[in-house]
Amino acid sequence: MPLPIRNYAQLSKIKHFYGSKFLLNEKIHDKILDKLKIEKTFKNPKEMKVLDLYSGPGQHSAIFYNRYKPNQYGVMESRPDFQKILKEQYEGSPIQIFAKDPYEWTSYTDLIDSEKRFVPEKQPHESLNDKFMVIANLTNSAHEGLLMQWFNCIGNTNWLQRFGYVKMLLWVPVSSAIKLLAAPGMHMRSKCSVVREAFTDTNLVAISNGIEKKLFDKNLFESNDPFIFQNEDTYPQRGDGIALLEVNPKKHITDLDNWDYVTKHLLILRKTRLKDAVESLGHGAKDYFSQKVEDPTFLNKYPVDLTNEDFNYLTNLFNLWPFKPDIYMDFIDIYQEEGMM
Amino acid sequence: MLRLPTRTIRKSSLIPKRLISLKGSHLHKPASDIFSNSSSSNSGVGQSLGFMKSSQISMSPGFDPFDRSHAAASNQTTQSRDVMQLWSLLEACICSKYYNRAFSILQSLYMVGSHRPYFIDDYNMYLESLVENGLISSINELDKKLSDDLQNTFKDVDYNDRTLAIMVHHALKYNHFQLETQNHLKIYFRMSVRGIRSILSHVNILTISDYAALHADLKMISLNDIPEAMKPLLENKAQERKKLDREKPDMLEREKVSVGGNSLDVDPRKIEADHNKCIFSLDQEVKPLEKDAATLKAVDTLNMRVVRHALLGLSLNEKQKEQISKFNFDANSNLLNVDEKKSLDFFEIYRSLTTEEDKSKFEKALDDFNQERQRALENRATDAAKERWKHDFEEAKARGDISIEKRLNVKLWEWYSAMLPLVKEEVKLCSQVFAGYANEKKNILKMDAKQDKARLDYGPYLSLVDPEKMCVITILELLKLNSTGGIIEGMRTARAVISVGKAIEMEFRSEQLLKSESQAFRDLGKNSHELKRYLQRAKSTFRSMKIEENKIMWPQTARAKIGSILISMLIHVSKVEVEGVDPVTKQKVYGEAPAFAHGYQYHNGSKLGVLKIHRSLVHQLNGERLVASVQPQLLPMLVKPRPWKNWKSGGYYYTQSTLIRSKDSPEQIAYLKAVSDANAIDTVYNGLNVLGETPWTVNRPLFEVMSRVWNSGKQFLDIPGVQEKLTLVPPPPREADPSVHREWKLKNKELANKFSSNRSTRCDSNYKLEIARAFLGEKFYFPHNLDFRGRAYPLSPHFNHLGNDMSRGLLLFWNGKRLGPQGLKWLKVHLSNLFGFDKASLNERVQFADEHVNDIKQSAQDPLREGAWWMTAEKPWQALATCMELNDAMKLDNPEDFISHQPVHQDGTCNGLQHYAALGGDIDGATQVNLVPNDRPQDVYAHVAKLVISRLQVAAAKGDELAMILKDKITRKVVKQTVMTNVYGVTYVGATFQIDKQLSNIFEDRKYSLELSKYLTKHVFSAVRELFQGAHLIQDWLGECSKRISKSIRLDVDEKSFKNGNKPDFMTSVIWTTPLGLPIVQPYRETNKKQVTTNLQTIFISDPFGVNPVNARRQKAGFPPNFIHSLDASHMLLSAAECGRHGLDFASVHDSYWTHACDVDKMNVFLREQFIRLHEVDLIERLKDEFDERYRNYVQIARVERTSELAKQIIALRTQLSKELGRQATLADEIYLEKRRVQMLQSEDPQEKADAEKMVTTVSLVEAIGSIEPIESKKSDASTLVILTPLRLPQIPPKGNFDVRELKNSKYFFS
DNA sequence: GCTCTTACTACTGACAATATCGTTAGTACCCCC
DNA sequence: GGGGGTACTAACGATATAAGTTTTAGTAAGGGC
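Protein chains in written order, with UniProt numbering: chain A, 1 to 341; chain B, 1 to 1311.
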């Protein structure tokens, strides 16, 4: 017997949406799932486990459950109004409600390691985990930081990503999608898009209508062919649009600390030729890199145009530099001092 | 309980008095009849203390805070900013002799209409420079130039007497015996605007020779026309001339110098030898500062001998005599005792003198000597540093030193040598660009063109200071900034460039001053000693004038630009040897790397430009004594500070300081200037001068103890130990849980934080100790100025009596006074207080000391013994100093005969609350803070703790769990900080944090203790509120007033404020006048930071001359505590002045007053009298009157229900208005109309006035209704209407009936 | 129905700063009438 | 020769950045009396 699904009109009555935005049209959710074809990864969906973070009112959760009947489907939601409606709707149903805060790392360790209420299968970091998937709604702009951290977790293979390369379906604000999907040379190219490039294959699955395509890589709309839904099918309607990303983690380098340092610093001077920009990596870096980089044209490039491959190359050189600075000193300790004068 | 005879009753009894004083009547006699003692005999100021005069000035209609008086040219911000920039550029161009550019800047300045009246000053500056630099070759040429300029180019400008002074000075360069010259001079004098004297008053233009020529040779002026300070010099000059005419001066003759009437015969040969030696040593060690330094040197040399002979004339023991004869009294080579062996302990000598006569002779001689040293000190710092580097470098070279670990100074010298040519080249390029500018630019390469364009900007500034000095300054500044701004091995770029730029500017200023001074007095060379006195006086007149004249500050952008230019050059040349490990071969690798590197760091997603200092250099820096690089403006002074005479004249001799440390608040300066010019704040100056004139010396025995501790490198009391380098925790494995990664980051941040705070306290202690070392045996002073609330602070930041326990322990009064019976008692009380035993009766405290007599002895004799008693004190270093003092006293047969130098403190018990209690008239509160006489001191904190406990017990009885847990845990200590900071407006969260700090000692669980703290804070707050009910009502009232004021609008508001439609920018800051007449302007405005492009990166800085919207939140939060602080500051200054008047040495740390032990009783009487004097007037009521007056006609924005009658009327009026305007009427329009109405109401014309009375505006509608309270609405939706209402402040809360005069006999008020 | 408490969302000055891009305003030059 | 338009540039403003999250007040709603 399928789980009941509440419609837009019912769900939009909820008092607080806590700054998050949800697609609340059952039909469109179905179309998106059609498009996603998660069966390709999860050969036997009935054996899979799904952890649905910041599920909100849980409409999509029920739709997903009804469609795939996964082995276990957990929603983690900490916000009272959502908790309330989830309980009303799904308490006692196959959808398990975890009243924990997805923001807290301990929520996961408690759930998985201590309470063992939701234990995904650990698979080697070789190909996508075919028993475990994460769905999350991070459309609250305040959660952008969390989104980026989750991407870092892919690099670190910790958090939920310790169970292998775990596919994630992430609802994010369009602005975050633009940041993450930016290609080399683009206006919004930044470290987080390099992170995405380095650790994942990410697709744009669906997106609000009325978004300028040119904000994305021009090939992206062709290759991903995202489903475009109407803003009227989302709630709350005010605010920017949202997008659904399909994140597929992949194999990547492991020397992340140096990589992080090099990438971060070079992207500050994104339009300064590499030969000059490298000097900001440390005392005398310009001399070192000019001497080590063999291809003279390479140093004439701009950091914003570099691919992750390029950054890996530079990281490698940096690592071999005898006089490289201490990358762990690269922080500022709180603002103190300054008496009166 | 509070009895409430309401304020109205009280008020009525006060009204007659207030009315009189409001009118400023002379008839009003101070209410001091009650105290017939001397406290209010201070003539003139009397009871009003300055408030009335001052507040009237700053509210008078003619006063505009945004006028140019403070350096802004008009109330239009952009214009004032432009003027400022033009000025500084003009000055720079003139000083760099870019006269063409200067002239075109003058033309731009001329275009600024509002600046026109002051334009002539700028023109004079230009003219003076032309004349001084010989660019005018004849009298006629100058005449022609002037008439050309003023008749054609600057038509609307008239010359003034200063212009004429320049002309006169110029004419006198030619043979003045020629008739033509004389004719010109006559014409100039006839042209005078305000009389000959006015022309002659320009002592900074006319020289002594000029005066001499005019007076003696030409008889054109009489002696009386000549400024007072110049007369004696002139007379002397006349004599000298006569002598010169008669005979060759006899060198030997003049060796007979007399001091204080004692003629000292000296063996001429010996003196000659001295003289030569001295010249020799000067040439060897320190390069002469400038070409005419030779002349000055001769004077100094003579002076030196005088000082020495004066000293040798005193009754001294043989050893002292020997020391004196060996001591080199050359001011230049003996700036300060860097080398202890060479030094002379003046204090020791002074102390050993027995007769008053000897003492005064000694002090006179010392003061003379110190005058020279102070001058040298303020002017020679950079040269001294450079010479040291050079010396070390050459020594190393001589030794053939090639070690990797070069001495720091050797490196610095190398950088300096490498940097210098670059700087010189750049300066050259700049002047080439300017030459090009003169011949109309020609096209060059694009890149170069861009660079040249930039040079046009910074070029003038770069050419002002000698390149050598700029190099030294750059290096020193960067080294000094190491590890500031939270960067582990480096500094913020922004700070670095600004600091360097500022240092260059400072150098320029003092160089300017020195240059013009020696120019002005160059004809007065070899003269006798008496003349020096006059010369000094004349010089100080001259200096004050020069300093005050200077209104120009370089814009931040200019500072940043030259700073960045210099820094990038230094980055380019400075290299250090480095070693590293090859990650592949694991071999050690050696190389060379830039010592400084520019880069960025992220913090919370925002980028921060940093200048990193290479590790290998950082290690070296930690070991060095950096005292050499302390700017002399930051040291105590060897002579009495220049007394405060007006708002920017006082303090150091060659540096300008302002009375108030305003951080970029032109508004504040404007108010200050207005009252200062009207001489309305003399009481403030008096108090401040007393603070500045207290002579100090270093406690040598204590210094020696500290020194030993320091050199051990170990942690001791509050001195952190030496730490090698920062070792961070290695990162966790990649796949560790994110929370582990986070922990790791936090841990490292904490480590770094601890490290750098340790480093900086150790560094700070190092500064303190090094400065103390330099001032061992010296007599010195702390020049003071005020923060914006009027609290006094010493200008010298590192080492002063406001510092920590260590600094305080190191300081002694230079003057000694016999203890006497009371002195001995107070010294003991002082010791007891330092141990924290300060809530007992005085006798008990004396007893405390008596009981520990052995501990005292032991502490004094063997201070570093393990577990010595003094270390257990709350303020150990001061306790040790007091132990030593007591011990020395007790060695005498009669300890009361002991001459004591130890400052004894009297602290207010929670001074803020004392003022609040006096304001609110709370009897309970007043009792608790010792305003009411009592036989033992009351302990507020304990009392509050008690109140809290009883509250908790009540709550616990009702079953409150938290209360049950807490009720036995409350001690005095738990609540102390919160009670104290409550007065200063601590937030709920802040207080919770403070309490948690205490509770976390008791409760393990952090979260739990935080919860408890939160709960407890609530109770503490309400307990304090209950105890100081009146005080809190006042606090609320103050808060409400400031909120309304900072959200009010002036009628002549700038239209730009309404750019956001009906949500205008609020521009009104809270302004009040302290009882002493000091206007206080809360400087909390939005900062308007902008990016400024520099050579290295853009930096983000605010323009100090912008007038930005106020930050209402801060205005509100800041006002109550600031008001109280302004009162305690007033109280302190009054007490200081009073103590000064009675010959007491006085110092203060805000609410802790210091004097000699024997004078404590007197001081206590004075300070209580002054407190009463302050609070006799109902200050709150007066404040409201002042506010009502100052903010009369201001309007505020309110919301009323649309359905109300008023709303309907207003809507109708607005509709009508819109129709008339042909567009939607705005609030700005309404304000404009209201302004018209108010203006017309004040009109002289009866018709206009009558019209105005009939006029209806939206504001007048509200006014007619009176109170909008019944229809006021808090909501902001369609049902409400936004309207303007007149600004109305809330009613003053009722006052309790504590009478402040009771205080008179409360001996524990301060104790 | 009223007041008081709680909780959420709106503040943001500590994005306690900087690189880069886009837009606008201003200026100079050229061409056409 | 003048005026207008165009082209260029300086100047200003806006925006993204990284990635544990952060106070604090004000307002709305809710619950208790």
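Just so it is clear, CB atoms sit at the ideal spot from N, CA and C, and this is done for glycine as well.
Within the same chain, show all residues whose beta-carbon is closer than 8 Å to that of residue i, passing over the 5 residues directly before and after it, in chain order.
i	result
F128(A)	The sequence given here places Leu at residue 128(A); Phe does not occur at that position. The residues are T41, G164, Y165, V166, K167, N248 and P249.
I112(A)	F118, V119 and P120
E592(B)	K575, V576, E577 and V578
Say whether chain B places a C-beta atom closer than 8 Å to the C-beta of residue i.
i	result
P102(A)	no
C153(A)	yes
Q149(A)	yes
M329(A)	yes
L256(A)	yes
T263(A)	no
H252(A)	no
N316(A)	no
W105(A)	yes
residue 342(A)	No answer is possible for residue 342(A): it lies beyond the span of chain A, which begins at 1 and ends at 341.
I268(A)	yes
Whole angstroms are fine: how far does the CA of residue j sit from the CA of residue i?
i	j	result
V573(B)	S280(A)	17 Å
A277(A)	L269(A)	6 Å
I562(B)	R388(B)	25 Å
E246(A)	D260(A)	24 Å
M806(B)	A384(B)	28 Å
A792(B)	P643(B)	14 Å
Does residue i get closer than 8 Å to chain A when you measure Cβ to Cβ?
i	result
K969(B)	no
N482(B)	no
P594(B)	yes
A597(B)	yes
residue 1337(B)	Any property of residue 1337(B) remains undetermined from this structure, which presents chain B solely from 1 to 1311.
N748(B)	yes
Would you mind sorting residue i into buried or exposed? The rule is 16 or more other CB atoms within 10 Å of its CB.
i	result
P733(B)	exposed
S1267(B)	exposed
A1264(B)	exposed
I1002(B)	exposed
A435(B)	exposed
T1257(B)	buried
CB-CB under 6 Å to residue i, same chain, minus the five flanking residues each way: which ones, in chain order?
i	result
N646(B)	S676
I'd like to confirm something about residue i: is its beta-carbon nearer than 7 Å to some heavy atom of the ligand PLP, or not?
i	result
N911(B)	Among the ligands in the structure shown, none appear at all, so the ligand PLP cannot be discussed.
Of the residues that make up the segment 713-740 of chain B, which ones have a beta carbon closer than 7 Å to any beta carbon in chain A? L728, P731, R734, E735, A736, D737, P738 and S739
*Could you name the residues of the segment 156-171 of chain A whose beta carbon sits closer than 7 Å to any beta carbon of chain B, in the order they occur along the chain?*
N156, T157, N158, W159 and R162
ask   = Quick one, which residues of the segment 15-31 of chain A are near chain B if we go by CB-CB under 7 Å, in chain order?
value = none
- [ ] Name, going along the chain, the residues of the segment 560-587 of chain B whose beta-carbon falls closer than 8 Å to a beta-carbon of chain A.
- [x] V578, G580, V581, D582, P583 and V584
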